[in-house]
Structure formats: C-alpha cells, structure tokens
Amino acid sequence: MNKVLLLVSSILLSLNINAATLDKVTMPDSVNVKGKDLVLNGLGTRKATWLRVKVYVGGLYLEKKSKDPQTILNSNGVKYIRMHFVRDVKGEKLINGWNEAFASAVKDRSKIQKRIDELNALMGDVKKNQEIVLTFTDKDVHIEFANSKSGTIKGGDFSKALLSVWFINAKDEGLRDGLLGL
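Residue numbers 43 to 224, in this note's numbering, belong to the letters of the sequence shown in order.
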C-alpha cells in the first residue's frame, strides 16, 4: 500500500514539475515559439475595478529571464504573452482596456493608431478559460484570439508599444510585478 501511495504521489508531483500555477491557472515553465525556446519569466493576475475583480492570468515568456521592463522592451528576439481568462469579458471591455492601456503607456499614439484599430478589430467576447496569445518579434506581433481569430500586425514599433502596456504606467502593478517575476 505504501509503495502504491509513493508511486501515485511521485506521478502527481512530476505532472506539475515543469509548470507554474497562479489562481488555479497552470502554465508551462517553457514553450517553443517560432523555433525559439522561451522560459516563463513570471505570472500575474489582471484585476479590474475598485473591487479588484480577477480578469485573467498572464504569463510572460522570454528567451532569457529579466526583472527589468526596459531590458525586456529593448531586447531583440521573440517574446510571448499568454492571457488565460478566468471570467467572461465582453469585446467592448477588451477594446476599452487596450485603448486605456495605450493612452497610459504610449505618449504619441498617432503613428500607431491604425494598428491599434487593427488590434481592436480582432477583439470580441471572450469566455472563461479562453485565451489571447500574443507573439512579439522585432518586426511584428501575432495575436491569436480565443482559438478562433488571429492576425499579424506589422511594425517593430507597434510590437514594442503593445508589449509596453504591461510595463509603462501599468494600471495593474500586481500584474506587472508578476510578469516580471518580482
């Protein structure tokens, strides 16, 4: 009986050895994206409104871990953010969130406004347990929306601006700190 218990315990422990969990959402410690092995830099929970309602758990994956937002934003290579929603969110709320985040993080949005509009056009209602996945490169950002829509928005400047919304004047410091692994 003890041997069976030991075997079951070791199997259960091995299932999560290469993963991290936050607020009942588990993400792998590493992923392969565009042929690059990326490591989980950190997990954070996006909370909204004065009630601090949990919206999604985000995971930031990088080629090399960093706790410094400027190092992350200025580094070359692939970056990857996975947003796992823990509640239903209407598309208009997502669009408002993106617009507020860009307004806070990017001083002059005039050069990227058309691409912000492209991002917003990809948004729709998201259900609990669906994901938005963003893959950032030096030339563009690829967005997969809730396993149904996807699009690529060109421009390294837009890729960096979009990534910056999690770090520059971030509305949710807990999410930012979690993504930075702090």
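No residue lacks a Cβ here, since even glycine has one placed at the ideal position from N, Cα and C.
Where Thr63 sits in the DSSP three-state scheme: strand
Simplified DSSP state of Gly198, which is helix, strand or coil: Reduced to three states, the DSSP call for Gly198 is helix.
First and last residue of the uninterrupted beta strand (DSSP E) at Gly119: Element bounds for Gly119: n/a, residue is neither H nor E.
The stretch 183–201 contacting the stretch 153–170, beta-carbon criterion three pairs below 8 angstroms: yes
Terminal residues of the alpha helix (DSSP H) in which Ala145 lies: 133–147
DSSP bridge partner residues for Ala90 (one or two, in chain order): Val95
Option in Gln155, Ile174, Ser190 with minimal Cα separation from Asn141: Gln155
Ser146 to Ser72 span [Cα, whole Å]: In a straight line, the C-alpha of Ser146 is about 30 angstroms away from that of Ser72.
Leu224 beta carbon less than 7 angstroms from that of Gly100: no
Supposed close pair Val120, Lys78 - CB separation, criterion 8 angstroms: Confirmed, about 5 angstroms.
Ile174 - containing alpha helix (DSSP H), residue span: It is not in any alpha helix (DSSP H) - Ile174 instead sits in the beta strand (DSSP E) that spans 173–178.
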